[in-house]
Structure formats: structure tokens, C-alpha cells
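Visitor:
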Amino acid sequence: VQIQLTIGRFFGCC
Amino acid sequence: MLELRLVQGSLLKKVLEAIRELVNDANFDCSATGFSLQAMDSSHVALVALLLRSEGFEHYRCDRNISMGMSLNNMAKMLRCAGNDDIITVKGDDGSDTVTFMFESPTQDKISDFEMKLMDIDSEHLGIPEAEYHAIVRMPSAEFARICKDLSSIGDTVVISVTKEGVKFSTKGDIGTANIVCRQNSSVDKPEEATTVEMNEPVSLTFALRYMNSFTKATPLSNQVTISLSNELPVVVEYKIAEMGYVRFYLAPKIEE
Numbered sequence: 036v037q038i039q040l041t042i043g044r045f046f047g048c049c
Numbered sequence: 002m003l004e005l006r007l008v009q010g011s012l013l014k015k016v017l018e019a020i021r022e023l024v025n026d027a028n029f030d031c032s033a034t035g036f037s038l039q040a041m042d043s044s045h046v047a048l049v050a051l052l053l054r055s056e057g058f059e060h061y062r063c064d065r066n067i068s069m070g071m072s073l074n075n076m077a078k079m080l081r082c083a084g085n086d087d088i089i090t091v092k093g094d095d096g097s098d099t100v101t102f103m104f105e106s107p108t109q110d111k112i113s114d115f116e117m118k119l120m121d122i123d124s125e126h127l128g129i130p131e132a133e134y135h136a137i138v139r140m141p142s143a144e145f146a147r148i149c150k151d152l153s154s155i156g157d158t159v160v161i162s163v164t165k166e167g168v169k170f171s172t173k174g175d176i177g178t179a180n181i182v183c184r185q186n187s188s189v190d191k192p193e194e195a196t197t198v199e200m201n202e203p204v205s206l207t208f209a210l211r212y213m214n215s216f217t218k219a220t221p222l223s224n225q226v227t228i229s230l231s232n233e234l235p236v237v238v239e240y241k242i243a244e245m246g247y248v249r250f251y252l253a254p255k256i257e258e
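Residue numbers (the numbering used here), protein chains in the order written: chain S, 36 to 49; chain L, 2 to 258.
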């Protein structure tokens with residue numbers, strides 16, 4: 036099964 | 002007080018058309034550096050970052066940093082009323098809840114102003130780390146758009162693989178599979194038609210074609226597109242805006258689990 040990752044997983048909030 | 006005069010107004014029209022499918026509402030940030038925007042799509046899978054540097058404007062006045070929340074669809078409606086050759090000036094006042102777009106025809110015989118209501122938008126600003134990418138592909142933007150469109154008639158996802166041989170775009174769906182390989186051809190006379198592949202490490206990543214197709218709305222901004230890939234990071238699809246800046250789209254990959 037393929038799951039879609041989100042941007043938040045890679046880029047932190049500043 | 003904010004006043005930004007852009008002689009090549011068509012650039013702003015193209016920028017709006019490039020991003021409004023992905024993002025509905027966004028804060029435009031204005032500072033001494035330029036006019037910028039960072040926004041995610043509603044499902045937080047893709048992020049768009051726009052920069053129009055202050056030096057690219059004929060006149061750029063921004064007394065203090067200001068953030069203006071706009072509906073991109075409403076902004077596009079107003080900018081569509083500007084002629085392609087028109088000069089566009091964006092004006093805002095501190096504390097005002099509106100922004101004004103002024104359009105001047107090249108011969109100055111028609112001057113229009115459109116005042117648009119601003120909106121309050123809660124948006125988180127993300128820190129995008131500087132990264133060394135495993136592979137960087139530069140290719141004609143129209144070719145990339147064609148590939149994304151063609152593959153989306155076969156499947157929903159694209160696997161982008163970069164090897165020494167070149168870059169491969171693959172998909173599969175109910176009716177079958179498709180593979181498109183683009184080889185480096187930097188010897189061509191016309192730089193805008195060149196495909197170049199810089200590879201430090203082989204990369205293979207899977208992405209949703211729906212988002213890729215949405216990014217290709219930026220094709221009219223630039224003859225070339227740059228696709229930067231790393232195995233651990235979102236892909237960056239960048240369209241440079243001549244002399245002014247860029248529109249960058251970030252897309253998180255899909256993984257097997």
C-alpha cells in the first residue's frame with residue numbers, strides 16, 4: 036500500500 | 002504604505018494562474034527583499050514558494066513588512082482584467098483591509114483601478130532547509146508538462162528515477178504501463194531546449210501526478226523547469242521568473258508501507 040507523506044513531515048514550523 | 006510597479010504586468014497574471022489551482026487563499030508578504038508567498042495546498046502535501054525580488058520592479062516601495070491575505074481566485078479575477086501588455090501597480094495602505102491593483106495600458110490611454118478586499122488568513126510559515134540534492138534535472142518546461150499530462154491518462158502516480166542514463170518517468174494503471182526516458186542533450190544549440198541531468202546519487206521517488214499536473218500551470222513563466230530530487234526529501238519543481246525570482250513547488254513523496 037502506498038501512503039502519501041505530508042510536507043510537515045519534512046519542513047518544520049518556524 | 003506599499004506601492005509596487007511592475008512594467009511586465011503579464012508576469013503577475015501568469016504567477017496567479019500558476020498557483021491558484023493549488024492554493025485557494027494565501028498571505029502575500031512584502032518586505033525590502035521583495036513580494037513573496039509561501040502556502041500549502043489544503044491537504045498539506047504540496048507547498049508553493051513564490052519570490053518576486055524588489056529589484057525586478059520598476060518602482061518598489063514597502064515602508065514596513067506587511068502581510069496581505071488574498072483569495073487567489075478573486076485576485077486572478079481582477080488580474081484577468083489587465084491586458085497582457087499593461088503595467089500593473091499593487092498598492093496598499095497600512096491598516097487597510099483592501100489592496101488596489103492599477104492597470105495602465107502601454108500608451109497610457111486607459112487606466113483602471115480594481116480594489117480587492119483582503120482577508121485574515123491563519124497560515125503557518127514553514128522553514129525550508131537548504132539541501133544538497135542527489136539529482137538535479139533541467140529540461141524544457143513544455144516537455145515536462147507534456148510528460149505529466151500523458152502519464153496521467155495511464156496512472157495516478159509517477160516514479161521519477163535518475164540514473165547516469167538520464168531521467169525516467171514511469172507510471173502504471175489498469176490499462177497498462179508507461180516509461181518515458183529523457184536523456185541529456187546539452188549539446189543542442191538552443192539552451193531552452195536542453196535537458197541536463199546532474200546526479201550525485203541515483204534517486205527513485207514516487208509522486209502523485211495530480212499535483213505534478215497542477216505545478217505545470219506555471220509552464221508559461223519559464224522555458225525551462227528544474228526538478229531537484231533527494232531520496233529523503235520532497236521534490237522541488239522550480240520555474241524561474243526572468244530577472245525577478247521564482248515559483249517553487251515542493252511535493253512530498255508517496256512511500257510503500
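Glycine residues also receive a C-beta, built at the ideal position from the N, C-alpha and C atoms.
#1: Please report the straight-line C-alpha distance between residue 12 of chain L and residue 247 of chain L, rounded to a whole angstrom.
#2: If we define contact as Cβ-Cβ less than 8 Å, is residue 134 of chain L a contact residue for chain S?
#3: Can you tell which of L:81, L:226, L:232 has the C-alpha that lies nearest to the C-alpha of residue 196 of chain L?
#4: Quick check: what's the CA-CA separation for residue 112 of chain L versus residue 82 of chain L?
#5: Within the continuous beta strand (DSSP E) that includes residue 66 of chain L, where are the two ends?
#6: Under 7 Å Cβ-Cβ, which residues of chain S neighbour residue 240 of chain L?
#7: Determine whether the Cβ of residue 129 of chain L lies closer than 8 Å to any Cβ atom of chain S.
#8: Based on the DSSP secondary-structure assignment, which residues constitute the bridge partners of residue 274 of chain L?
#9: So the candidates are L:22, L:101, L:78, L:153; which of them puts its Cα closest to the Cα of residue 3 of chain L?
#10: Rank L:207, L:166, L:241 by C-alpha distance to the C-alpha of residue 235 of chain L and give the top, closest one.
#11: For chain S, check one thing: does any of its Cβ atoms lie closer than 8 Å to the Cβ of residue 173 of chain L?
#12: Tell me the DSSP secondary structure of residue 46 of chain L in three-state form.
#13: Count the other C-beta atoms from every protein chain shown that fall within 10 angstroms of the C-beta of residue 85 of chain L, then say buried if there are 16 or more, exposed otherwise.
#14: Taking residue 71 of chain L as the reference, which of L:52, L:155, L:40 has the closest Cα?
#15: Please list, in chain order, the chain S residues whose beta carbon lies closer than 9 Å to that of residue 47 of chain L.
#16: Under a CB-based cut-off of 8 Å, is residue 191 of chain L close to chain B?
#17: Do you know whose CA, among L:77, L:213, L:244, L:231, lies nearest residue 250 of chain L's CA?
#18: With 16 other CB atoms within 10 Å as the buried threshold, where does residue 242 of chain L fall?
#19: Find the residues of chain S that neighbour residue 256 of chain L, judging by a C-beta separation of less than 9 Å, and give them in chain order.
Guide: The structure says:
#1: In a straight line, the C-alpha of residue 12 of chain L is about 11 Å away from that of residue 247 of chain L.
#2: Judged by the 8 Å Cβ criterion, residue 134 of chain L is not in contact with chain S.
#3: Selected option, being the one with the closest Cα: L:226.
#4: Going by C-alpha positions, residue 112 of chain L is about 11 Å away from residue 82 of chain L.
#5: From DSSP, residue 66 of chain L is part of no beta strand (DSSP E); its letter is neither H nor E.
#6: Chain S residues near residue 240 of chain L: none, gap ~19 Å exceeds 7 Å.
#7: Cβ-Cβ to chain S under 8 Å: yes for residue 129 of chain L.
#8: Absent from the model: residue 274 of chain L. The displayed extent of chain L is 2 to 258, so no value can be given.
#9: It is L:101 whose Cα lies nearest to the Cα of residue 3 of chain L.
#10: Looking at the Cα atoms, L:207 is the closest of the given residues.
#11: For residue 173 of chain L, the nearest beta carbon of chain S is not closer than 8 Å to its own beta carbon.
#12: In the structure shown, the three-state DSSP call for residue 46 of chain L is coil.
#13: It counts as exposed.
#14: Of L:52, L:155, L:40, the smallest CA-CA separation from residue 71 of chain L is found for L:40.
#15: Near residue 47 of chain L (Cβ distances below 9 Å), the residues of chain S are 42.
#16: As a matter of chain content, chain B is missing from the structure shown, whose protein chains are S and L.
#17: Checking every option, the nearest Cα to that of residue 250 of chain L belongs to L:213.
#18: Counting Cβ neighbours within 10 Å, residue 242 of chain L comes out buried, since at least 16 surround it.
#19: Ordered by position in chain S, the residues that pass the 9 Å Cβ test against residue 256 of chain L are 37, 38, 39, 40.
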